[in-house]
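In the numbering used here, the protein residues as written are 4 to 396.
Note that CB positions come from ideal geometry on N, CA and C, so glycine has one too.
All values reported here derive from a predicted model rather than from experimental measurement.
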Ligand code: GLN
């Protein structure tokens with residue numbers, strides 16, 4: 004019998020849709036993972052680390068040299084200075100970091116405030132701490148929000164404002180003005196900001212990523228989370244990290260010690276090589292992703308989806324109401340099965356999925372794929388979508 008605190012949760016939508024995609028040999032644009040690998044130099048450094056006996060426990064907080072490189076990059080990139088010894092921590096992926104942040108900061112009855120739709124681990128991490136997740140909507144199609152609505156949702160129990168920019172699944176990149184309004188609210192209400200910035204390198208001109216920790220007065224109340232997965236196309240490595248003032252860092256290192264203790268040592272050693280890559284890597288990375296985004300946008304629009312170009316992340320949210328008027332889970336399953344292209348129902352990123360299913364006609368497609376993979380999805384839509392639609396009526 005599953006313990007009661009887990010009973011609201013079942014198999015994640017990522018596992019479900021990837022299994023469904025495999026069962027129907029569908030092009031998997033559901034779960035966000037690249038179908039190509041990250042830089043050879045990083046992989047080679049991890050292989051060398053294994054051969055060179057870097058195979059025992061790392062310090063719980065992470066390999067010192069990796070933390071030094073992370074602190075250096077945060078300073079060079081954003082002008083944010085952190086002491087690598089006391090203010091930078093390595094986790095087993097951003098998901099573990101989020102879990103430890105909430106576990107370390109929140110107790111029973113405390114409240115975590117976030118935007119909806121949200122990444123799927125936020126409710127679970129909050130529930131395990133005995134805390135309560137409160138949400139305020141980002142409204143499609145431009146995913147705007149009202150700061151007054153957010154202010155109204157703050158209570159005396161609200162501890163944390165949990166942000167995510169660039170935002171999964173919407174593709175929104177919060178601009179300076181929006182971040183400033185959130186920073187003002189956090190200071191007015193004395194909230195700690197936990198910010199999930201794993202898509203920090205995935206923004207598209209004219210959008211730019213700005214860490215909220217950069218804004219006046221925010222550094223010391225913000226925990227910034229990022230990871231290896233998206234920036235270096237190594238989602239299976241599960242190396243994430245945080246930057247936070249010493250006092251906050253102390254709180255989040257405790258749960259980390261008693262869950263995973265430390266992240267995989269040779270992969271941390273491999274990641275040191277990531278920070279030897281020059282600016283060209285990032286320029287090329289964004290250029291390639293711009294091409295992938297534009298390819299998939301063209302394909303989806305051609306086949307009847309309505310979609311805005313995302314400002315960031317590697318996801319497109321697409322309105323399918325011109326194709327079919329059925330709930331999103333049904334649509335995603337139908338597209339996977341009959342057309343051979345898998346996507347994700349947006350309702351799975353809402354607390355009240357039932358209600359979202361009724362009101363929204365949106366699915367998410369991932370474009371972290373070779374252009375040929377995206378073109379194969381295009382061919383399938385061209386060949387099979389008309390047939391699948393004809394079969395239904
Ligand atoms: N972050 C990825 C996504 O949104 C996958 C996450 C996962 O599989 N848990 O698709």
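{"Query": "Unbroken alpha helix (DSSP H) run spanning residue 90, endpoints", "Result": "87-90"}
{"Query": "Contacts around residue 127, its chain only, beta-carbon distance under 6 angstroms, and the 5 residues preceding and following it disregarded", "Result": "12"}
{"Query": "In DSSP terms, what residue 363 is bridged to", "Result": "None, per the DSSP bridge assignment."}
{"Query": "Local conformation of residue 398 per DSSP, three classes", "Result": "Nothing in the structure corresponds to residue 398, since the chain is present only between 4 and 396."}
{"Query": "Cβ contact check for the stretch 357-371 and the stretch 295-312: 3 or more pairs under 8 angstroms", "Result": "yes"}
{"Query": "Beta-carbon proximity list for residue 353, same chain, < 7 angstroms, skipping 5 on both sides", "Result": "119, 120 and 359"}
{"Query": "Three-pair Cβ contact test at 8 angstroms for the stretch 108-118 versus the stretch 269-276", "Result": "no"}
{"Query": "Inter-stretch contact at 8 angstroms, needing at least 3 Cβ pairs: the stretch 53-72 / the stretch 90-98", "Result": "yes"}
{"Query": "Alpha helix (DSSP H) segment containing residue 214, residue limits", "Result": "Residue 214 -> no alpha helix (DSSP H), and no H or E assigned at all."}
{"Query": "Residue 301 versus residue 283 - alpha carbon distance", "Result": "27 angstroms"}
{"Query": "Integer-rounded CB distance, given that residue 317 should sit under 8 angstroms from residue 107", "Result": "Between residue 317 and residue 107 the Cβ distance is about 29 angstroms, and since that is not below 8 angstroms, they are no contact."}
{"Query": "Inter-residue Cα distance where the pair is residue 196 and residue 170", "Result": "15 angstroms"}
{"Query": "Residue 98 versus 225, 20 and 229, residue with shortest Cα-Cα distance", "Result": "229"}
{"Query": "Whole-Å CB distance - residue 234 paired with residue 204, under 8 angstroms assumed", "Result": "5 angstroms"}
{"Query": "Residues that residue 142 bridges to, as DSSP identifies them", "Result": "147"}
{"Query": "Proximity to residue 219 [Cα-Cα], best of 315, 83 and 319", "Result": "83"}
{"Query": "Alpha-carbon spacing of residue 186 relative to residue 140, whole angstroms", "Result": "18 angstroms"}
{"Query": "Residue 255 versus residue 379: straight-line alpha-carbon distance, rounded", "Result": "44 angstroms"}
{"Query": "Where the alpha helix (DSSP H) containing residue 204 begins and where it ends", "Result": "Neither: residue 204 is in no alpha helix (DSSP H) and is coded neither H nor E."}
{"Query": "Among 172, 175, 221 and 166, nearest to residue 190 - alpha-carbon criterion", "Result": "221"}
{"Query": "Buried or exposed by the 16-neighbour rule on C-beta atoms within 10 Å, applied to residue 175", "Result": "buried"}
{"Query": "Burial state of residue 257, where buried means 16 or more other Cβ atoms lie within 10 Å", "Result": "exposed"}
{"Query": "Beta-carbon separation (whole angstroms), residue 232 vs residue 263, contact threshold 8 angstroms", "Result": "That belief does not hold up - the Cβ atoms of residue 232 and residue 263 are roughly 16 angstroms apart, past 8 angstroms."}
{"Query": "Any non-hydrogen atom of ligand 1 within 6 angstroms of residue 28 CB", "Result": "no"}
{"Query": "Cβ pair residue 246, residue 125 closer than 7 angstroms", "Result": "no"}
{"Query": "Cβ neighbours of residue 184 in the same chain (closer than 8 angstroms, five flanking residues each side left out)", "Result": "150"}
{"Query": "With 16 other Cβ atoms within 10 Å as the buried cut-off, status of residue 237", "Result": "buried"}
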